[in-house]
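K.L.:
Structure provided below as structure tokens; questions to follow.
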Amino acid sequence: MSLEKPKIDDSFRVLHEKAHEYITDQQEKLEDDFGFGQFSNYSVDWDESSITFQNEDNSSLKMTFQVVGTLETDTSKWSWKWNDPSISAEEREELEIIKNYGDFYDFSYLTIPSLEVTTPIAWALTAIAGYLRISKGIFRIQQDTNAHFVYFKEVLT
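Numbered by this note's numbering, the letters in the sequence shown go through residues 5 to 161 in order.
This is the structure in structure tokens:
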């Protein structure tokens, strides 16, 4: 089975450019305000949808996150989280904004439930999702052969 590969047109490139600029600014704010990018490890609480970054000196940064999609690294299959039947109604409502935006502007990358993508495209999709949801930044959580791409919702500490 071959997964679909949508085309990238100029309007999608413009959206990605705006999203990339926005996310870069947000990541810089996290770095300036909280030292993001300087932590040596992190732990994930999947039940609370939170991630805590830590250093050996006990400094830490905790944020809530929303999974946008998952990339199976061995098959390059991207699956949008909005298509997961097990997500809560709240998550579905939050994530369907991304799909609805894709429907409205005919961006099939945002509307096809599963796609074959490269890691840079997965990052681009995550940046767009983070931009559309006015997030605090984006991140990739590696878990076995799956990379969960997330956007940060709220800084807790």
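Just so you know, even glycine gets a beta-carbon here, dropped at the ideal spot from N, CA and C.
Would you identify the three-state DSSP class for Arg-144, choosing helix, strand or coil?
P.N.:
strand
K.L.:
Measure the Cβ-Cβ separation of Phe-57 and Phe-43 and say whether it is below 8 Å.
P.N.:
yes
K.L.:
Which residues in the same chain as Phe-38 place their Cβ atom closer than 6 Å to its Cβ, once the five residues preceding and following it in sequence are excluded?
P.N.:
Leu-65
K.L.:
Counting only runs that start and end within the stretch 75-122, where is the alpha helix (DSSP H) found for 4 or more residues in a row?
P.N.:
93-109
K.L.:
Would you mind sorting Asp-139 into buried or exposed? The rule is 16 or more other CB atoms within 10 Å of its CB.
P.N.:
Position check: residue 139 holds Ser in this sequence, whereas Asp was assumed. So Ser-139 ends up on the buried side.
K.L.:
What is the rounded straight-line gap between the Cα of Tyr-113 and the Cα of Gly-106?
P.N.:
7 Å
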